[in-house]
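Below is one structure; the comments refer to it alone.
Number of protein chains: 4
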Amino acid sequence: MIIQIQFESETPIYKQLRDQIVQGIAQGDLKPEESLPSVRRMGQELGINLHTVNKAYAVLKQQGFTVIHKRKGVLINSLEKMREHLDTDNLENELRPIFSEMICKGLTQKEISGFCEKLIQKIQGGQNE
Amino acid sequence: MIIQIQFESETPIYKQLRDQIVQGIAQGDLKPEESLPSVRRMGQELGINLHTVNKAYAVLKQQGFTVIHKRKGVLINSLEKMREHLDTDNLENELRPIFSEMICKGLTQKEISGFCEKLIQKIQGGQNE
Amino acid sequence: MIIQIQFESETPIYKQLRDQIVQGIAQGDLKPEESLPSVRRMGQELGINLHTVNKAYAVLKQQGFTVIHKRKGVLINSLEKMREHLDTDNLENELRPIFSEMICKGLTQKEISGFCEKLIQKIQGGQNE
Amino acid sequence: MIIQIQFESETPIYKQLRDQIVQGIAQGDLKPEESLPSVRRMGQELGINLHTVNKAYAVLKQQGFTVIHKRKGVLINSLEKMREHLDTDNLENELRPIFSEMICKGLTQKEISGFCEKLIQKIQGGQNE
DNA sequence: GTGGTCTAGACCACC
DNA sequence: GTGGTCTAGACCACA
Numbered sequence: 027m028i029i030q031i032q033f034e035s036e037t038p039i040y041k042q043l044r045d046q047i048v049q050g051i052a053q054g055d056l057k058p059e060e061s062l063p064s065v066r067r068m069g070q071e072l073g074i075n076l077h078t079v080n081k082a083y084a085v086l087k088q089q090g091f092t093v094i095h096k097r098k099g100v101l102i103n104s105l106e107k108m109r110e111h112l113d114t115d116n117l118e119n120e121l122r123p124i125f126s127e128m129i130c131k132g133l134t135q136k137e138i139s140g141f142c143e144k145l146i147q148k149i150q151g152g153q154n155e
Numbered sequence: 027m028i029i030q031i032q033f034e035s036e037t038p039i040y041k042q043l044r045d046q047i048v049q050g051i052a053q054g055d056l057k058p059e060e061s062l063p064s065v066r067r068m069g070q071e072l073g074i075n076l077h078t079v080n081k082a083y084a085v086l087k088q089q090g091f092t093v094i095h096k097r098k099g100v101l102i103n104s105l106e107k108m109r110e111h112l113d114t115d116n117l118e119n120e121l122r123p124i125f126s127e128m129i130c131k132g133l134t135q136k137e138i139s140g141f142c143e144k145l146i147q148k149i150q151g152g153q154n155e
Numbered sequence: 027m028i029i030q031i032q033f034e035s036e037t038p039i040y041k042q043l044r045d046q047i048v049q050g051i052a053q054g055d056l057k058p059e060e061s062l063p064s065v066r067r068m069g070q071e072l073g074i075n076l077h078t079v080n081k082a083y084a085v086l087k088q089q090g091f092t093v094i095h096k097r098k099g100v101l102i103n104s105l106e107k108m109r110e111h112l113d114t115d116n117l118e119n120e121l122r123p124i125f126s127e128m129i130c131k132g133l134t135q136k137e138i139s140g141f142c143e144k145l146i147q148k149i150q151g152g153q154n155e
Numbered sequence: 027m028i029i030q031i032q033f034e035s036e037t038p039i040y041k042q043l044r045d046q047i048v049q050g051i052a053q054g055d056l057k058p059e060e061s062l063p064s065v066r067r068m069g070q071e072l073g074i075n076l077h078t079v080n081k082a083y084a085v086l087k088q089q090g091f092t093v094i095h096k097r098k099g100v101l102i103n104s105l106e107k108m109r110e111h112l113d114t115d116n117l118e119n120e121l122r123p124i125f126s127e128m129i130c131k132g133l134t135q136k137e138i139s140g141f142c143e144k145l146i147q148k149i150q151g152g153q154n155e
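Laid out in structure tokens, this is it:
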């Protein structure tokens with residue numbers, strides 16, 4: 027699985043890393059029980075500071091995507107465990123301003139739904155293997 | 027139209043303000059040609075600095091939601107003008123990590139679609155009057 | 027000669043008014059010895075404050091485009107008088123940032139020259155009568 | 027590259043700074059990928075507040091002249107990216123009143139063209155190194 | 001150390 | 001009274 031950091035993006039690097047790992051899980055590139063590279067290696071490979079990797083990993087853990095295993099390092103969590111961390115209120119708060127913007131810009135409910143469905147399929151279809 | 031700032035929130039105040047105004051437009055609470063309170067009054071009402079309001083207004087203007095009218099102050103833009111600022115690439119980039127998270131947490135495409143549609147209706151249905 | 031004020035423009039109203047009168051002279055719509063409407067009438071016709079018209083007129087006078095005639099009001103100056111107010115240093119300072127921007131954005135000297143010539147002809151060709 | 031702020035000038039400081047940086051790019055003093063001093067250093071060197079520098083930098087970014095690189099700070103953008111921000115309508119609106127003034131003051135099309143060409147060469151010829 | 005955010009207080013141009 | 005500009009000083013997120 028390839029991770030690409032855009033240093034010129036507005037979104038902080040740790041967030042980019044976190045997002046791409048989450049997307050990797052959604053796509054099935056990263057499966058439960060699989061392990062993530064150590065903060066050191068990951069930092070080296072991406073050319074970023076290991077503190078930044080650390081922060082991304084901390085967020086992932088805190089949001090239930092990973093667990094720390096003493097010997098194996100950072101592991102992708104089981105799907106059940108992830109499910110337990112579902113927080114619809116938070117998701118709603120994140121989606122609301124985006125949908126509001128789409129409505130303002132003249133998209134109808136149908137168009138938005140279509141847009142979303144296509145995007146979801148693009149994510150799920152991005153599965154390797 | 028009521029605006030609520032959460033001072034403990036992680037999201038910057040100017041962003042909260044911007045988001046709620048955009049939502050207000052989406053809901054129809056704020057209609058094209060209507061005017062926003064002056065930076066000073068808005069700041070006073072919300073208990074925040076006028077510069078912070080200024081920044082929110084600047085973002086709204088730059089994103090095409092408002093225009094500065096020399097005599098009438100800050101006005102909600104026409105729907106056509108807003109439409110010209112539609113940037114689907116950007117919206118896709120904002121939605122992707124959220125949908126990825128939803129997929130990880132076990133929601134099916136159908137559930138996500140349903141979730142989104144309900145949310146959109148909630149926004150549009152929040153119209154006063 | 028028709029003057030159009032854009033209340034939503036960034037440029038101040040008095041500057042818009044001044045610019046359009048200067049352009050009117052350049053186009054030949056306004057000829058030496060002709061008189062401008064009184065500040066009152068001009069303000070009324072354009073729907074702007076008479077102080078704003080006053081400011082535009084003051085600038086025009088100060089830059090040599092007009093003279094105040096006791097009985098006839100504000101008159102367009104003679105071409106010779108205008109010529110005396112030619113200030114190439116100032117013009118250069120106004121043009122420099124614009125040309126710099128054009129160069130940055132990849133326009134060649136030839137393209138810029140062509141662009142300018144076309145614009146000048148457009149101004150001179152806009153003559154009525 | 028030397029930047030000179032005129033504190034008595036009518037044009038805002040942040041605009042002066044922005045203009046001179048754009049001119050620096052046009053002259054080739056500042057090349058793509060090169061970095062600008064931090065807002066703090068630049069402010070200190072020019073004897074102005076860092077927020078003022080910030081505003082200049084924000085404008086430059088918004089107009090496509092620079093990008094914020096997470097590790098390297100503020101960088102001059104690539105020429106291609108700048109080109110994408112070319113807005114001829116706007117440039118025309120900025121040039122029109124200046125050319126109108128030149129015409130009024132008796133300059134012929136040929137003289138104006140010559141004036142512009144000399145100025146452009148002066149800008150491009152101002153290259154150091 | 002960097003840019004981003006927030007506050008505060010002041011002056012000015014414009015209307 | 002409006003927004004725009006400038007200064008000053010503080011805190012924080014990010015790297």
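Chains as they are written, first to last, in the numbering used here: chain A, 27 to 155; chain B, 27 to 155; chain C, 27 to 155; chain D, 27 to 155.
All C-beta atoms in this analysis are idealised placements derived from N, C-alpha and C, irrespective of residue type, glycine included.
Of all residues in the stretch 31–48 of chain A, only F33, E34 and I39 come within less than 7 Å of chain D when Cβ atoms are compared, listed by chain position.
When Cβ-Cβ separations below 8 Å define contact, I94/B makes contact with chain C. Between M128/B and the set G50/A, G140/A and K136/A, the nearest pair of CA atoms involves G50/A. In the three-state scheme derived from DSSP, where H, G and I count as helix and E and B as strand, S126/D is classed as helix. Residues of the stretch 100–119 of chain A whose Cβ lies closer than 7 Å to any Cβ of chain B, in chain order: L105, M108, R109, H111, L112, L117 and E118. Three or more beta-carbon pairs separated by less than 8 Å are not found between the stretch 116–123 of chain C and the stretch 93–108 of chain D, which leaves the two stretches without contact.
In this structure, the straight-line span from the alpha carbon of P58/A to that of R66/A is close to 22 Å. Not a single C-beta of chain A is nearer than 8 Å to the C-beta of R67/D. In its chain, beyond the 5 residues on either side, G50 and I102 have a beta carbon closer than 6 Å to the beta carbon of L56/D. DSSP places H95/D in the uninterrupted beta strand (DSSP E) bounded by T92 to H95. Around the C-beta of F125/C, 16 or more other C-beta atoms lie within 10 Å, and the residue is accordingly described as buried. Chain order gives the chain A residues near K131/B as M108, R109, H111 and L112, where near means a beta carbon separation below 7 Å. Between I138/D and I146/C, the C-beta spacing is below 8 Å. Here H77/C is not near K131/D, since their CB atoms are 8 Å or more apart. Shown here, S139/A sits in a helix according to DSSP, grouped into three states. Rounded to the nearest whole angstrom, the CA to CA distance from I39/B to T134/A is 29 Å. Membership of G69/A in the alpha helix (DSSP H) is indicated by the continuous run V65 to L72.
CA-to-CA, the gap between R97/B and V85/B works out to about 20 Å. For L101/B, the uninterrupted beta strand (DSSP E) segment begins and ends at G99 to I102.
Proximity to R109/C across N80/C, P63/C and A52/C peaks at A52/C, based on C-alpha coordinates.
Exclusion of the five residues before and after I74/C leaves I31 and I39 as the residues of its chain whose Cβ lies within less than 7 Å of its Cβ. Under the 8 Å criterion on CB atoms, A52/D is classed as interfacial with respect to chain C. Straight-line measurement puts the Cα of G69/A at about 23 Å from the Cα of G54/A.
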